[in-house]
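Peer 1: Quick one: this structure, given as structure tokens, is what I'll be asking you about.
Protein chains: 2
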Amino acid sequence: MLTFAIPKGSLLKDSIVLLQAIGLDFSAFLDESNRLLQITEPQGIAKAMLVRAQDVSVYVEYGEAHLGIVGEDVLREKMPRVARLLDLRFGACRMSIAVPQDSPHRSALSLLPHSRIASKSVRITQDYFASLDLPVEIIPLYGSVELAPITGMADAIVDLVSTGRTLRDNGLIEIEVLFHSTARLIAHPLSYRLDREQLSYYVDRVRDVLPQ
Amino acid sequence: MLTFAIPKGSLLKDSIVLLQAIGLDFSAFLDESNRLLQITEPQGIAKAMLVRAQDVSVYVEYGEAHLGIVGEDVLREKMPRVARLLDLRFGACRMSIAVPQDSPHRSALSLLPHSRIASKSVRITQDYFASLDLPVEIIPLYGSVELAPITGMADAIVDLVSTGRTLRDNGLIEIEVLFHSTARLIAHPLSYRLDREQLSYYVDRVRDVLPQ
Chain Y
0 MLTFAIPKGS LLKDSIVLLQ AIGLDFSAFL DESNRLLQIT EPQGIAKAML VRAQDVSVYV
60 EYGEAHLGIV GEDVLREKMP RVARLLDLRF GACRMSIAVP QDSPHRSALS LLPHSRIASK
120 SVRITQDYFA SLDLPVEIIP LYGSVELAPI TGMADAIVDL VSTGRTLRDN GLIEIEVLFH
180 STARLIAHPL SYRLDREQLS YYVDRVRDVL PQ
Chain H
0 MLTFAIPKGS LLKDSIVLLQ AIGLDFSAFL DESNRLLQIT EPQGIAKAML VRAQDVSVYV
60 EYGEAHLGIV GEDVLREKMP RVARLLDLRF GACRMSIAVP QDSPHRSALS LLPHSRIASK
120 SVRITQDYFA SLDLPVEIIP LYGSVELAPI TGMADAIVDL VSTGRTLRDN GLIEIEVLFH
180 STARLIAHPL SYRLDREQLS YYVDRVRDVL PQ
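If you read the sequences in order, they're chains Y and H. In terms of numbering that gives the first Met the number 0, the first sequence is residues 0 to 211. In terms of numbering that gives the first Met the number 0, the second sequence is residues 0 to 211.
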């Protein structure tokens, strides 16, 4: 049976809508009272697992899911061995550097060597500052990254920004955009190559329903 | 000003109650409508930051918080350079290995070499199986670890268990306990040695109010 890994959180709703558009109804995941992490859609053609956004690529990499929906940011951070098929165009956000409003720094290159940068995306942060040849100290955090510059623990943060409201609420301003991110359709490479469970048919249908 | 790092999630309520018992009231963090991540208690003696359980030790390690409350499991996974002061006796849980009910394996040593073990605690899992001289493949996940054996992606999981309900609900059984965990009081080592902000006075008060 065709299997999808679907991300909890901000990409969930659009993912469900997209799959409904190709005739696969997993809307039960949107029901607040639902506690199941695995459901089969009413026609019995496909199954979906509801997992953390960061775990989607793991399920696809190990072939437990044939297809998955995941943010470009997660792909850049984890670099999983998966086939990248389509830009799904929803879930737009950007990976940015932000500093306190009263910071004298207005670009990445103006940050001092050995500045402290708090981030949930350690690899992305590391690679970016390495590309600038600017040595920095990275403080790896799990959540509420915007708190780190407020308390003075970090000089800047590298974090995902969508509306920018969290930054504004915490007196931070964006000084650099590392890259723009959207949701992506990924596949287990071998399953895709062997066209298991008519994978390419469903991928084509997704492509057809994407906004032109 | 004396500063605490307090963990969101399962240790939050008991942490607030403990600090109230020594005269520091941070109960505003328990208010559902509170959005502040940093508050000063009414007397103006101490400040607290509300952070992810995994981030408490980071704030303490960097000296942004003098004291922090954190689970033993986080200390074993992250091995932060902090001073470990007291066992607070709440938040009891255990780090365990669990397998599907129909698995033939009933102990860690009976697992086959190169079994796949899903876990959020990669270092703990690695160290444990290394100590058994049993090579395993670790699948690092962020959440819903119990889903991994259900889908067949993993043969076993290493996860934190408190009541055991999540395991039962997912048809898993515990076959080994790696260690028992409770909440700990930790301090920034230098601040503690220099007794900044009367740290030792407050640590003594916490010790006095702990159940004997």
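Quick reminder that beta carbons are idealized off the backbone N, C-alpha and C, glycines included.
Is the shortest distance between the beta-carbon of M48(H) and the beta-carbons of chain Y less than 9 Å?
Peer 2: Yes, because at least one Cβ of chain Y sits closer than 9 Å to the Cβ of M48(H).
Peer 1: Anyone know if the C-beta pair for L49(Y) and L66(Y) falls short of 9 Å?
Peer 2: Going by C-beta atoms, L49(Y) is not nearer than 9 Å to L66(Y).
Peer 1: Does F3(H) come out as helix, strand or coil in the three-state DSSP assignment?
Peer 2: Strand, per DSSP.
Peer 1: Can you give me the C-alpha to C-alpha distance between S106(Y) and I174(Y), rounded to a whole angstrom?
Peer 2: Taking the straight line from one Cα to the other gives about 5 Å.
Peer 1: Name the one or two DSSP bridge partners that H179(Y) has.
Peer 2: Per DSSP, R93(Y).
Peer 1: Per the contact definition of three or more C-beta pairs closer than 8 Å, is the segment 130-139 of chain H in contact with the segment 159-173 of chain H?
Peer 2: Verdict: no, contact absent.
Peer 1: Among residues of its own chain, excluding the 5 on either side of L84(H), which ones have a beta-carbon nearer than 7 Å to its beta-carbon?
Peer 2: Once the five neighbours on either side are set aside, the close Cβ partners of L84(H) are L184, I185, A186, V202.
Peer 1: Classify Y200(Y): buried if its beta carbon has 16 or more other beta carbons within 10 angstroms, exposed otherwise.
Peer 2: Its Cβ having fewer than 16 others within 10 Å, Y200(Y) is exposed.
Peer 1: Between the segment 51-75 of chain H and chain Y, which residues of the former have CB atoms less than 7 Å from a CB of the latter, in chain order?
Peer 2: Within the segment 51-75 of chain H, the residues whose Cβ lies closer than 7 Å to some Cβ of chain Y are R51, Q53, D54, V57, Y58, Y61, E63, listed in chain order.
Peer 1: Below 8 Å, can you find three or more Cβ-Cβ pairs linking the segment 55-72 of chain Y to the segment 149-157 of chain H?
Peer 2: Yes, they touch.
Peer 1: Considering only their Cβ atoms, is the gap separating L131(Y) from L108(Y) smaller than 9 Å?
Peer 2: Yes, they are a contact pair.
Peer 1: Across which residues does DSSP place S118(H) in a beta bridge pair?
Peer 2: The partner list for S118(H) (beta bridge, DSSP) reads P139(H), V157(H).
Peer 1: Using Cβ-Cβ distances below 8 Å, what residues of the segment 150-165 of chain Y are close to chain H?
Peer 2: Within the segment 150-165 of chain Y, the qualifying residues are T150, G151, M152.
Peer 1: My parser needs the alpha helix (DSSP H) runs of 4 or more residues fully inside the segment 4-51 of chain Y; what are they?
Peer 2: List check, alpha helix (DSSP H) in window: 11-20.
Peer 1: Buried or exposed for S118(H), going by 16 or more other Cβ atoms inside 10 Å?
Peer 2: By the 10 Å Cβ count, S118(H) comes out buried.
Peer 1: By Cβ distance below 6 Å, which residues in the same chain neighbour K77(H) in space, the five residues on each side in sequence not counted?
Peer 2: If we look at K77(H) and ignore the five residues flanking it on each side, its Cβ neighbours are S56.
Peer 1: Note down the Cα distance separating D194(H) from A82(H), rounded to an integer number of angstroms.
Peer 2: Roughly 13 Å between the two C-alpha positions.
Peer 1: Among D158(Y), S102(Y), I44(Y), whose alpha-carbon lies nearest the alpha-carbon of R122(Y)?
Peer 2: Nearest option by C-alpha distance: D158(Y).
Peer 1: What does the alpha-carbon distance come out to for the pair F89(H) and L10(H)?
Peer 2: Going from the Cα of F89(H) to the Cα of L10(H) covers about 8 Å.
Peer 1: So is Q53(H) buried or exposed if we call it buried at 16+ other beta carbons inside 10 Å?
Peer 2: By the neighbour-count rule (16 or more Cβ atoms within 10 Å), Q53(H) is buried.
Peer 1: Which bits of chain H does S9(Y) rub up against, with CB to CB less than 9 Å?
Peer 2: What S9(Y) touches in chain H: nothing, since even the nearest Cβ is about 15 Å away.
Peer 1: Looking at M94(H) and T39(H), is the spacing between their C-beta atoms short of 9 Å?
Peer 2: No.
Peer 1: Using a Cβ-Cβ cut-off of less than 9 Å, give me the residues of the segment 21-38 of chain Y that come near chain H, in sequence order.
Peer 2: Against chain H - using a Cβ distance shorter than 9 Å - the residues of the segment 21-38 of chain Y are R34, L36, Q37.
Peer 1: Within the 9 Å Cβ cut-off, does I138(H) reach chain Y?
Peer 2: It does; some Cβ of chain Y falls within 9 Å.
Peer 1: Tell me the rounded alpha-carbon separation between L18(H) and D24(Y).
Peer 2: Roughly 49 Å separates the two Cα atoms.
Peer 1: Looking only at its own chain, which residues have a Cβ that is under 8 Å from the Cβ of G8(Y), when we skip the five neighbours before and after it?
Peer 2: Excluding sequence neighbours, G8(Y) sits near R51, A52.
Peer 1: Counting along the chain, where does the alpha helix (DSSP H) carrying L189(H) start and finish?
Peer 2: That run of the alpha helix (DSSP H) goes 188-192.
Peer 1: Please list the partners that L146(H) has in chain Y, where partner means a Cβ-to-Cβ separation under 8 Å.
Peer 2: Going along chain Y in sequence order, the residues near L146(H) (Cβ under 8 Å) are L36, Q37, M48, V50.
Peer 1: Quick one: what's R83(H) bridged to in DSSP?
Peer 2: I185(H).
Peer 1: Taking buried to mean at least 16 other C-beta atoms within 10 Å of its own C-beta, is S161(Y) buried or exposed?
Peer 2: Burial call: exposed.
Peer 1: Looking at I44(H): is its Cβ nearer than 9 Å to the Cβ of V205(H)?
Peer 2: Taking 9 Å as the Cβ cut-off, I44(H) and V205(H) do not qualify as a contacting pair.
Peer 1: Rounded C-beta distance between G70(Y) and S190(Y)? I'm assuming under 8 Å.
Peer 2: Actually they do not touch by this definition, with Cβ atoms about 21 Å apart.
Peer 1: My understanding is that L87(H) touches I68(H), with C-beta atoms under 8 Å, so please give their C-beta distance in whole angstroms.
Peer 2: With a Cβ gap of about 7 Å, L87(H) and I68(H) count as contacting.
Peer 1: Among Y127(Y), Y58(Y), N33(Y), D168(Y), which one has its Cα closest to the Cα of F178(Y)?
Peer 2: The option with the nearest alpha carbon to F178(Y) is Y127(Y).
Peer 1: Only counting the same chain, and skipping five residues up and downstream in sequence, which positions put a Cβ closer than 7 Å to that of N33(H)?
Peer 2: Result list for N33(H): A27, in chain order.
Peer 1: I'd like the list of long-range same chain contacts for P103(Y), defined as Cβ closer than 7 Å, with 5 residues on each side in sequence excluded.
Peer 2: Nothing listed; no residue qualifies.
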